[in-house]
Structure formats: C-alpha cells, structure tokens
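Right, one structure below, let's go through it.
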Amino acid sequence: MKMVAALFVLLLCSVSNTFGLETPSNTSVIVVVGESGESSYETMFVEWSRRWERAAIKSQSQYQVIGTQNSTADEQDRDALSRILKSMSLETPETLWIVLIGHGTFDGSKAKFNLRGPDITAAELNEQLSAISCRIAFINCASASGPFIGQLSAKNRVIVTATQSGFESNFARFGEYLSTLIDDPTADLDKDGQTSLLEAWLAASKQTQEYYDSNSQLATEHSVLDDNADHKGTPADWFRGLHLIKSTTDDFLPDGTFASQFILVPDQNDAALSEELRSERDQLEVELARLRQRKAAFTESEYLKELESLLIPLAEIYRKSKTESDDNRNKAD
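Heads up: the sequence shown is residues 153 to 485, going by the numbering used here.
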C-alpha cells in the first residue's frame, strides 16, 4: 500500500503547480433568497448569499441571484427562477450549483421553498431540473427541506438539505455555516488545497450541531446529503473524516463520492483540467470508491494491484493536463 501511495505522490509532485485560473470556469451558480418574513432574517440571508457570490467570483464562475432587493425587479421570483433554469437547459454549463436560502414548509405531502410571491415545490423544481443535462449540486438551506431529497434525487446530482425531515420546521442555521465553509481551507479534510462540497457539508453539519450543544438545546435540524440517486440521503454522523462508517445493504455507491468532486473554488491543478480530463478523473475516482467498497473480496496483493491500476492513470491525467497547459501558454506567447 505504501509503495503504491508513494508512486502516486511522486507522479503528482512532478506536475507543476503554476497553472492558475486563466479563463473563466464553465460553472454557473444560482442563489435564490426566499421570503424572509422578518428583517433580521433578511439581513442574515442576504449576507449568506453574498458569501456565495464572493466564492463564485473567486472561481470566475457565472453568478446569478434571485430574491434580493436588486434582483428580478420586473418579475416574480418564481418566474425568474423558471426562466433562468430554462436558459440552462438550452445553454448548459459543465457544472450548475443551485442554492436556496430561506424558509420552507411541509404539509405532510408537499415540500415547498418560500419565495417572495408564489412558492415553489420540490416536484416543480425536479421537473425543471430534468431538462438540464449537466451535473448539478442542489443545496436547500431551508427548514422542512428534507423531502427535497426524495423528490430531486437523480443520477448526476448532489442534493443537500438542511433537515432530514419535513417536520423539522424551525429556522435552520445550517446555511450560515455552509456559506462560510464552501471555500474555507479549514474544511479541507484531505489537505489537497481545495474544499469540496462534501468537506464543506461535513464541516457545516458539525458546526450546526455544535451550536445547539453549546446552547444546551436539542438540535432541530439534521442535514442530509444524497449523491447516489437512491432517494434516501445520508446524515453527516455516518462519516468519520471523508469515509462512511456505516453501510447499507443495497448495491448503490455510498453517498459522498460524487459530492467530493464538486469544488466551487478549485486549486490551480484542478482548475487547469479540461472538461474531458476532469470527466476521466471523476470516473477513475468513482472506480476507486467501488474498489474500496469491494476490498473484502480481494487478497491484499490483488487489492494493491487493482489500486495501482487506478492511481497511475489518475496521476497521468494531471501530467497530461500540465502538458496541455504548457502548450496553450506557448501558443499564446
């Protein structure tokens, strides 16, 4: 194991860390600020949205906000969201982040996100997202958001909700912590120089629980993440570090693998990857996760051989990315 890991590190270290964000990323970020109800909530929600905006600007992502005083003045927020999502289906980015900030409701059958004007249901959002072919991170930071997992769970999507249940209807604080941590290096658990959605979610869930513990209150929100399309979701306390310590009896890949590939503010090496190379890298990482899932079926030598067959191509992807970057730079000069 150490020999294979050392080989991987050696190959990675041979890749120069001088890339940089030379061109805008093909990533779109849509933040929707819902009806606040109170001025104190409005101030809070706007600040959370500004943190997402700063992260999007840092990564040169396209950013759009709905629901603030300076946005969508000529149409209902629900119509504005539908219009923007329709435009995404016609001109699809590589990656789409959708963040809902505000309050939600659940009547036992329908989960809604509260907008200024008419609300929008989880089912309606799923219909609109189904027309968009890119990979999507959908993050609902509202109360009573748990049922969005069951409605929106699908292949090529990460769904994060602030609550596990639709009946966790008290104000949710999870969104505050996530907005701070989405590009915070302190949440970088694997120390690769960037913070993934999985890492930010785990850290935000921990800080949310710590808030209730420090105030001697029973937690009224428990965030859940789904990225394997099983419509179930996984709570953060099923993880130790970046790895699940509990397992299910089905054949689905454990939640977390896909979410770890969503990085809003990438480091220089990751940012330099072309869409094609990133797709190859992501597929190899999925195969690594599947290999870990089946580790018990191999002898140690068999497992190491399989591991090496994946780690070396992973390192070669970054080597190839450096070559392409150098070639493009030389052409520009």
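A virtual CB, placed ideally from N, CA and C, is assigned to each residue, including glycine.
It should be emphasised that the depicted structure is a prediction, and the values quoted were computed from it without experimental measurement.
Subject >> Other residues of its chain near L462: CB distance less than 6 angstroms, five sequence neighbours each side excluded >> reply: Excluding residues up to 5 positions away in sequence, L436, E439 and L440 lie with their Cβ nearer than 6 angstroms to the Cβ of L462 in the same chain.
Original post:
For the segment 419-456, which segments carrying the beta strand (DSSP E) assignment without a break, of at least 3 residues, lie completely within its bounds, in sequence order?
Top reply: Fully enclosed beta strand (DSSP E) runs of 3 or longer: not present.
Original post:
Based on the DSSP secondary-structure assignment, which residues constitute the bridge partners of V185?
Top reply: According to DSSP, which records beta bridges pairwise, V185 is partnered with I253.
Original post:
Hey, quick one: how far does the alpha helix (DSSP H) through F326 stretch, first residue to last?
Top reply: Element bounds for F326: F326 to L333.
**OP:** Taking all protein chains shown into account, decide if F319 is buried (16 or more other Cβ within 10 angstroms of its Cβ) or exposed.
**Re:** It counts as exposed.
Subject >> For P387, three-class secondary structure by DSSP >> reply: Of the three classes helix, strand and coil, the one that applies to P387 here is strand, per DSSP.
Original post:
Could you give the distance in angstroms between the alpha-carbon of T386 and the alpha-carbon of Q420?
Top reply: The alpha-carbon atoms of T386 and Q420 are separated by roughly 31 angstroms.
Original post:
For F319, which residues does DSSP report across the bridge?
Top reply: Note: F319 is not bridge-paired with any residue in the DSSP secondary-structure output.
**OP:** Using 10 angstroms around the beta-carbon of R442, count the other beta-carbons present and answer buried if the total reaches 16, otherwise exposed.
**Re:** By the 16-neighbour rule on beta-carbons within 10 angstroms, R442 is exposed.
Subject >> C-alpha gap between I250 and K398, whole angstroms >> reply: If I take the Cα positions, the gap works out to 29 angstroms.
Original post:
Sorted by chain position, which residues of the same chain lie with C-beta nearer than 6 angstroms to L132's C-beta, five sequence neighbours on each side aside?
Top reply: In the structure as shown, the chain begins at 153 and stops at 485. Residue 132 is therefore absent and cannot be evaluated.
Original post:
Start and end of the beta strand (DSSP E) containing V217?
Top reply: Taken as a continuous stretch (DSSP letters only), the beta strand (DSSP E) holding V217 covers Q214 to I218.
Original post:
When the distance is taken between beta carbons, is T244 closer than 9 angstroms to S285?
Top reply: The Cβ atoms of S285 and T244 sit closer than 9 angstroms to each other.
**OP:** Just the C-alpha distance for K384 and S295, rounded to the nearest angstrom, thanks.
**Re:** The alpha-carbon of K384 is positioned some 18 angstroms away from that of S295.
Original post:
Would you say V376 and I301 are within 9 angstroms of each other, going by their C-beta atoms?
Top reply: Contact flag set, yes.
Original post:
Cα separation between G393 and T273?
Top reply: Rounded to the nearest angstrom, the two C-alpha atoms are 34 angstroms apart.
Original post:
Using the rule of at least 16 other Cβ atoms within 10 Å of the residue's Cβ for burial, across every protein chain shown, is L425 buried or exposed?
Top reply: Using a 10 angstroms sphere on the CB of L425, the tally of other CB atoms reaches 16 or more, which defines it as buried.
**OP:** May I ask you to verify whether the segment 264-273 touches the segment 183-194, counting CB pairs closer than 8 angstroms and requiring at least 3?
**Re:** Result yes; three or more Cβ-Cβ pairs closer than 8 angstroms.
Original post:
Who are H374's beta bridge partners in DSSP?
Top reply: In the DSSP output, where bridge partners are listed per residue, H374 has none listed.
Subject >> Per DSSP, the bridge partner or partners of S180 >> reply: Answer by DSSP bridge pairing, in chain order: Q214 and L248.
Original post:
On the three-state DSSP scale, how would you describe K398?
Top reply: Correct three-state label for K398: coil.
Subject >> Where the beta strand (DSSP E) through F404 begins and ends >> reply: Run containing F404: none; DSSP gives neither H nor E here.
**OP:** Ignore the nearest five residues each way along the sequence and tell me which others in L405's own chain have a CB closer than 8 angstroms to its CB.
**Re:** Same-chain partners within the cutoff: N380, V438, A441, R442 and Q445.
**OP:** Could you please give me the residues that DSSP links to F290 through a beta bridge?
**Re:** As computed with DSSP, F290 is found in a beta bridge with I250 and I311.
Original post:
Does DSSP put K262 in a helix, a strand or coil?
Top reply: In the structure shown, K262 adopts coil according to DSSP, grouped into three states.
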